[in-house]
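A.B. asks: Residue numbers (the numbering used here): 94 to 295.
Glycine included, C-beta positions come from ideal geometry on N, C-alpha and C.
Keep in mind that this is a model prediction, so the values were computed, not measured.
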């Protein structure tokens, strides 16, 4: 890592002093991917105590550990073995669907991106409908879903009449060029990010 110019820190990931040295107090997010579920749980507990607003994603080897990691403070828990098993089953019984998902998630020759946008009160798109914006014609991107800020409910198939509101979160798919066009169409003045970078503990 030193040869490639990456920042790194050697130490026990669940140690408060090590986490503080890594910038846990100013971090926005943390990924803990230690081999042991028990060690991941200690990292989650320590990180959550030091930074209550931190977004934490944890790895779980066993399904029985998922609930425990969530109770410890993880916002999301990922099981690589579970994901791998579902992928293998999909390749066997739904190969065309699997190929399609590979394409739209960047695994094929075309580069597609899934992007998340949260609208603030500076966005010109606020108060207008998806149909008014002509998003697909203007940018080539497609809006897959809208999460209502007030209710927290996802509209997974928003209609052209769907009116966008402040703090709504939009999920869009498109090429990098499409997504750049969508950012320009929304015309939001985004405040500087609070805190530091996301870290990976492995």
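(1) Quick check: the Cα distance between residue 210 and residue 270, rounded to an integer number of angstroms?
(2) Could you check the C-alpha separation between residue 115 and residue 189 for me, to the nearest Å?
(3) Have a look at 130, 243, 158 and 126 and flag the residue whose alpha-carbon is nearest the alpha-carbon of residue 150.
(4) Are the Cβ atoms of residue 267 and residue 205 separated by less than 9 Å?
(5) Could you compute how far the alpha carbon of residue 103 sits from the alpha carbon of residue 162?
(6) Answer with buried or exposed for residue 96, where buried requires no fewer than 16 other C-beta atoms within 10 angstroms of its C-beta.
(7) With a floor of 3 residues, list each beta strand (DSSP E) that falls wholly inside the segment 169 to 223, ordered by position along the chain.
(8) Can you name, in chain order, every residue of its own chain whose Cβ lies under 6 Å from the Cβ of residue 232, other than the five neighbours on each side?
(9) Give the range of the alpha helix (DSSP H) segment to which residue 137 is assigned.
(10) Could you check which residue in 100, 140 and 158 has the C-alpha nearest to that of residue 118?
(11) Taking 8 Å as the threshold, find out whether the segment 171 to 179 comes into contact with the segment 225 to 242 through three or more Cβ pairs.
(12) Between which two residues does the beta strand (DSSP E) harbouring residue 98 extend?
(13) Would residue 261 be called buried (16 or more neighbouring beta carbons within 10 Å of its own) or exposed?
(14) Expressed to the nearest angstrom, what Euclidean distance is found between the alpha-carbon atoms of residue 123 and residue 148?
(15) Where does residue 274 sit, in a helix, a strand or coil, going by DSSP?
(16) Tell me which same chain residues have a C-beta within less than 8 Å of the C-beta of residue 246, skipping the five on either side of it?
(17) If distances are taken between C-alpha atoms only, which option among 249, 185 and 152 comes closest to residue 134?
(18) What is the residue span of the beta strand (DSSP E) that residue 240 lies within?
(19) Using only CA atoms, which one of 130, 136, 183 and 263 lies nearest to residue 110?
(20) What residues are listed by DSSP as bridge partners for residue 248?
C.D. replies: Concretely, from the data shown:
(1) 16 Å
(2) 43 Å
(3) 126
(4) yes
(5) 24 Å
(6) exposed
(7) 169 to 171 and 206 to 211
(8) 271, 274, 275 and 278
(9) 130 to 143
(10) 140
(11) no
(12) Looking at the DSSP string, residue 98 is not in any beta strand (DSSP E), and its letter there is neither H nor E.
(13) buried
(14) 6 Å
(15) helix
(16) 240
(17) 152
(18) 235 to 240
(19) 136
(20) 239
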